[in-house]
Amino acid sequence: SWFCERKSVDLQQAPSDVCTANGVSVYQNLDWKVGSARWASTAPDGDAVAFDAKPGGAYSIYFRAMLGTSQQFHFELVGEQGSWSPDGQRMVYRSGRDNKSGLWISNRDDSGHTLVTNDGTDSFPTWSADGQKIAFARNVNGNLDIYVMNVDGSNVQRLTDAPGHDTLPVFTPDGDLIFRSDRSGSWGIWRMRGDGSDQIQIIPNAGVGPDWAYSKMDVK
Numbered sequence: 189s190w191f192c193e194r195k196s197v198d199l200q201q202a203p204s205d206v207c208t209a210n211g212v213s214v215y216q217n218l219d220w221k222v223g224s225a226r227w228a229s230t231a232p233d234g235d236a237v238a239f240d241a242k243p244g245g246a247y248s249i250y251f252r253a254m255l256g257t258s259q260q261f262h263f264e265l266v267g268e269q270g271s272w273s274p275d276g277q278r279m280v281y282r283s284g285r286d287n288k289s290g291l292w293i294s295n296r297d298d299s300g301h302t303l304v305t306n307d308g309t310d311s312f313p314t315w316s317a318d319g320q321k322i323a324f325a326r327n328v329n330g331n332l333d334i335y336v337m338n339v340d341g342s343n344v345q346r347l348t349d350a351p352g353h354d355t356l357p358v359f360t361p362d363g364d365l366i367f368r369s370d371r372s373g374s375w376g377i378w379r380m381r382g383d384g385s386d387q388i389q390i391i392p393n394a395g396v397g398p399d400w401a402y403s404k405m406d407v408k
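In our numbering, the protein residues as written are 189 to 408.
Have a look at this one:
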């Protein structure tokens, strides 16, 4: 794993272990012997971790109680690339559940499933700190750009329109967006306002691997 901090941005890359944002292993043993785990994120209240895994087939989002907590639960959502709502009760994620591909929102107990976009290329959704917006990447004509919408799927707006890919967005607490882009010819970390203005590179030469889901960023 590697970490970098600049202008209050914490970055994490965990190619194999399921970790919290501070790099501490959440647990020792998985419930399966094969497959891989990725895209780990801790619930806002710190009581649970969600992560992608495919012990035998397609990726699903698995939920586990954190070590040292009194809660014990074990369930999953059919999908991947989940992002917690600020209150920790819902998750937005990518899925083809019910034969409908796009971004979905579900309660953390696997109820209340709602399709909020119907574009199967939508990926890497992230929830804003105020709970009002969701940003995500969308592939149009082979190029990835970042979009933002209301949590009910309305008012979809395109924020980036530069040569190259813009993807893996994450909201900062003050409503800005951090994202990865190769628009300069190599992958770097960029920042912009929540409305897409003031796009600026803040960390150059921040590469991504073949599976972008291993390049998740956490911002504090």
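Glycine included, every Cβ here is placed at the ideal spot set by N, Cα and C.
Boundaries of the beta strand (DSSP E) harbouring M380: 376–380, taken from the DSSP string. N393 carries a coil assignment under DSSP once its states are collapsed to helix, strand and coil.
Where S294 is concerned, the enclosing beta strand (DSSP E) starts and stops at 290–295. Contiguous beta strand (DSSP E) elements confined to the region 265–329 occur at 268–272, 278–283, 290–295, 311–315, 321–328, taking only those with 3 or more residues.
Going by C-alpha positions, D354 is about 11 Å away from S372. Check the Cα spacing between T314 and each of Q389, N338, S374, A350: the tightest is with N338. Here the alpha carbons of G276 and G284 stand approximately 23 Å from one another. Residue nearest to D386 within the set D364, P392, A394, M405 is D364 (criterion: CA-CA distance). According to the DSSP secondary-structure assignment, T230 is paired through a beta bridge with V237.
According to DSSP, A253 shares a beta bridge with A236. The region 327–335 makes no contact with the region 285–297, as fewer than three CB pairs between them are under 8 Å.
In the same chain as D349, and ignoring 5 residues on each side of it, the C-beta atoms closer than 7 Å to its own belong to D333, in chain order.
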